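Here the structure is laid out as structure tokens; the discussion comes afterwards.
2 protein chains.
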Amino acid sequence: MSFDLVATGGEARAGVLHTAHGDVPTPAFMPVGTKGTVKGLDPERLRELGTTILLGNTYHLHFRPGEELVEAMGGLHRFMAWDGPILTDSGGFQVFSLRDTITGVDEDGVTFRSVYDGKEARFTPELAAGIQRRLGSDIAMCLDVCPPPDVTRQELEAATAATTRWATRQLEAPRAPGQLVFGISQGGTDPELRRRSTEEIAALGFDGHALGGLSVGEDREAMLETVGWAAPLLPVERPRYFMGIGDPAGILEVVERGIDMFDCVLPTRLGRTGSALTWEGRLNLKNARFARDERPLDESCSCSACRRFTRAYLRHLINQQELLGLILLSEHNVRFLLDLTAGARASIERGEFGSYKTAALERLDSAAFAAGEEVSR
Amino acid sequence: MSFDLVATGGEARAGVLHTAHGDVPTPAFMPVGTKGTVKGLDPERLRELGTTILLGNTYHLHFRPGEELVEAMGGLHRFMAWDGPILTDSGGFQVFSLRDTITGVDEDGVTFRSVYDGKEARFTPELAAGIQRRLGSDIAMCLDVCPPPDVTRQELEAATAATTRWATRQLEAPRAPGQLVFGISQGGTDPELRRRSTEEIAALGFDGHALGGLSVGEDREAMLETVGWAAPLLPVERPRYFMGIGDPAGILEVVERGIDMFDCVLPTRLGRTGSALTWEGRLNLKNARFARDERPLDESCSCSACRRFTRAYLRHLINQQELLGLILLSEHNVRFLLDLTAGARASIERGEFGSYKTAALERLDSAAFAAGEEVSR
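Chains as they are written, first to last, in the numbering used here: chain P, 12 to 388; chain W, 12 to 388.
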């Protein structure tokens, strides 16, 4: 088995995911290494921050530098010098989120123009499996049809049905040695379609399962409600992955609903734009109020940036567009989410997830309120 | 005494420079931390690379974030979290190299427009000392008048004379506790003026001495000839600093002529533009020939990048404008110059600098020849 459940608290779960490159304690936040690098972060530093598993993007790696080259260089782990677990997505999300580039969807697959050179390209379940096999990731994801939230119900139903048929095909495709394959359910927040998709995918016998096509712009309450009843439809003994969530409150909400894994570009993207995730809310380091602020980004954070640097220094670096500023903020932001997630896991093991979540959301909400931001829930 | 001579070989010297933040084995290459950061390099990593002393730019720090703020934050060491030695230049080179921004030079100082906001600003020897005192560097440099290589002899003579008068004033200015102050000789490659300036500066009793106004576009042979006879005019028992040289051959040439310290932005600037310093010459990683090159940047380098990453991976990062690529190349390039310099020091101690230099230049020249570049000498 690829997954052991260690403790539960309501639907929230603490577990261990076993992969060919090591174990991953869950819940687990996965930093996103789009093109074979988590932007700005050295893999050694990622390890020090507490990263246990990374995500790589099949779409981007297929075009740059190409899976054939990565395979010739010994696979993605060796190429990027990360010997821990890697999950690769299928490219489905990128293809379908770049709607204008799609030139055709048929039963066999999807045809589109590459964002790199405009040349026509094609993904099928077999090709998505083949790319991920050559990359050599520990977990491969199914090619799904991921519609936007404003799609008609008819289109959503067609996408959901196609996702199941494609999942069935991909399950038969060759995989890398020891590679796990996860299925993805679709259906947006439509109760009937999400239920049907989730049950169909769950029945196929994947090593793990993802809820896809959520957190793509739909109403947050409806999204969380959907996760709340759809996650428990997935097999208890397999890991559950929510694709694309990384705001602190959102992480806690999906963990509460039985999710084990999640990923997001948020921490590194915020870092590159000069913002820090903290228990005081998101800090925009360009703000003049930090000019002489001798405190670390977050008083309770033990990351290397917080141990050594003041907000005043980091503001100076960001204002001067110094690379080190972007790097240090990215490191801190990744650490903030890893720490939050590790804290959630520990609280589940102690049987105290409910109070952990309540306390964390209160801090996040009051910080957001103090900053005049929309509250996190 | 701030300097101990350990060994000599011809004019080449191995020594130890003592500063308030620790000892520096010489010859020493100083990476340039322009605005309180060596571009892209974490101070922890700088230390791992073997950096023993950094340079900070008074001109840039004066305007961004300002020495008053740096002082309020505990000084430059604490601000940038580097507890090793720091040398600050005086800002003279920047002011005089930005000739178009100068609005007036008088006996008291120089008036110019800041490159940051166009506002009028002024440097005098006393102000240059005051800024460096507040930054709290271990070594402060004198404000010199640094003319371009195409200046008339009359202007060069005036600049040289003013440099001595300013040096005399700066020597009287208050300094930070334990701060050493170095004088700078000018005079270009003019034998009479350089000799006069060097002798005048040497007579003033500075803690160390620099040859300034060289490596600014003049003929290389003439520059090296000047260093060859001017460096020995400086007191044997004080450190000698050649301002602004960082190409591998150039470092060896000035070390041979009795120079102990040197700095250059070359390794980080090359790194950010995708080039690596190696014993095979400068590698432009964008070159297609590296697409499947599984070798490290340099086979004989033990830096963290060379231990872990292939040229193929680094090329991918550079082509995709990934931050990690710029960082890793910058790290490697700094290490390359630090290793070259450490090798030079070890060879002086062994009494074998001559053969070390000859062998190194042969490798560098044959690499440059193979690459169709101009040879290093």
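C-beta atoms are modelled at their ideal positions from N, C-alpha and C, and glycine is treated no differently. From a predicted model like this one, the values you see are computed outputs, not experimental measurements.
For a contact defined as C-beta to C-beta under 7 Å, what are the partners of residue i on chain P?
i	result
W/Glu333	Lys46, Thr48, Lys50
W/Arg319	Ala92
W/Leu328	Thr48
W/Ile262	Simply none; closest approach about 25 Å.
Residue i versus chain P: which residues are under 8 Å apart at the beta carbon?
i	result
W/Pro99	Position check: residue 99 of chain W holds Thr in this sequence, whereas Pro was assumed. Those do not exist, as W/Thr99 stays about 16 Å from chain P at its closest Cβ, beyond 8 Å.
W/Tyr70	Chain P residues near W/Tyr70: none, gap ~13 Å exceeds 8 Å.
W/Tyr324	Gly47, Met84, Phe90, Met91, Ala92
W/Ile338	Gly51, Asp53, Leu334, Ile338
Just verifying my parser: in three-state terms, what is the DSSP assignment at residue i?
i	result
W/Ala184	coil
W/Met84	coil
P/Phe320	coil
W/Arg206	helix
W/Met272	strand
W/Thr369	helix
P/Met12	coil
P/Asp390	Nothing can be reported for residue 390 of chain P: it is not among the residues displayed for chain P, which extend from 12 to 388.
P/Ile64	coil
W/Gly282	helix
P/Phe74	helix
P/Cys234	The residue you asked about is not Cys; residue 234 of chain P is Met in the sequence shown. Helix at P/Met234.
W/Ser341	helix
W/Pro38	coil
W/Ala172	helix
W/Met91	helix
P/Ala213	helix
W/Gly336	helix
P/Ala355	helix
W/Gly141	helix
Out of the options, point me to the one whose CA is closest to residue i's CA.
i	options	result
P/Gly33	P/Arg326, P/Leu375, P/Leu98	P/Leu98
W/Ala173	W/Pro185, W/Glu183, W/Arg186, W/Cys153	W/Cys153
P/Pro202	P/Glu168, P/Asp117, P/Glu363, P/Gln143	P/Glu168
W/Pro96	W/Leu109, W/Val43, W/Ser108	W/Val43
W/Gly189	W/Ala151, W/Glu183, W/Ile195	W/Ala151
P/Val266	P/Gly285, P/Leu222, P/Thr112	P/Leu222
W/Arg110	W/Thr122, W/Glu118, W/Ser101	W/Thr122
P/Gln331	P/His343, P/Arg207, P/Leu288, P/Thr284	P/Thr284
P/Gly21	P/Ser377, P/Phe380, P/Ala379, P/Ser358	P/Ser358
P/Leu351	P/Leu57, P/Ala132, P/Ala371	P/Ala371
P/Val126	P/Gly102, P/Asp119, P/Ser148	P/Gly102
W/Phe107	W/Pro160, W/Arg89, W/Ala299, W/Asp94	W/Pro160
P/Thr336	P/Arg322, P/Phe347, P/Phe364	At residue 336 of chain P the sequence reads Gly, which differs from the Thr that was named. For the residues P/Arg322, P/Phe347, P/Phe364, the minimum Cα distance to P/Gly336 belongs to P/Arg322.
P/Thr179	P/Arg231, P/Asp274, P/Gly216	P/Gly216
P/Met254	P/Gly51, P/Asn295, P/Thr30, P/Gln105	P/Gln105
W/Glu131	W/Ile142, W/Gln143, W/Ile113	W/Ile113
W/Thr163	W/Glu373, W/Cys314, W/Gly198	W/Gly198
Pull up the CB-CB distance for residue i and residue j, whole angstroms please, since I reckon it's below 8 Å.
i	j	result
P/Pro7	P/Gly269	Residue 7 of chain P is absent from the model: chain P starts at 12 and stops at 388.
P/Arg356	P/Pro36	6 Å
P/Glu78	P/Leu146	5 Å
P/Ile256	P/Ser226	5 Å
By how many angstroms is the C-alpha of residue j removed from the C-alpha of residue i?
i	j	result
P/Leu375	P/Ala382	11 Å
P/Val386	P/Ile262	With a pLDDT of only 47 at P/Val386, under 50, the local geometry of the prediction cannot be trusted, and no value is derived from it.
W/Gln165	W/Ala139	26 Å
P/Tyr367	P/Gln181	39 Å
P/Phe14	P/Gly26	7 Å
W/Arg124	W/Leu87	24 Å
P/Gly239	P/Pro250	16 Å
P/Asp309	P/Cys317	7 Å
W/Gly67	P/Val116	58 Å
P/Thr19	P/Glu211	25 Å
W/Lys297	W/Met41	27 Å
P/Leu65	W/Ser148	41 Å
P/Gly228	P/Glu236	15 Å
P/Arg388	P/Glu291	Residue placement at P/Arg388 cannot be trusted, given a pLDDT of 44 that sits under 50; the coordinates are not used to answer.
W/Ala170	W/Phe193	18 Å
Can you pull the chain W neighbours of residue i, defined as C-beta to C-beta under 9 Å?
i	result
P/Ala302	Pro76, Leu80
P/Thr209	The contacting residues do not exist; P/Thr209 stays about 36 Å from chain W at best.
Strictly below 8 Å CB to CB, what residues from chain W border residue i?
i	result
P/Glu310	In chain order: nothing, as chain W lies at least about 17 Å away.
P/His73	Neighbours of P/His73 on chain W: none; closest Cβ ~13 Å, over 8 Å.
Anything in chain W within Cβ reach of residue i, meaning under 7 Å, just list it in chain order.
i	result
P/Glu305	Met84
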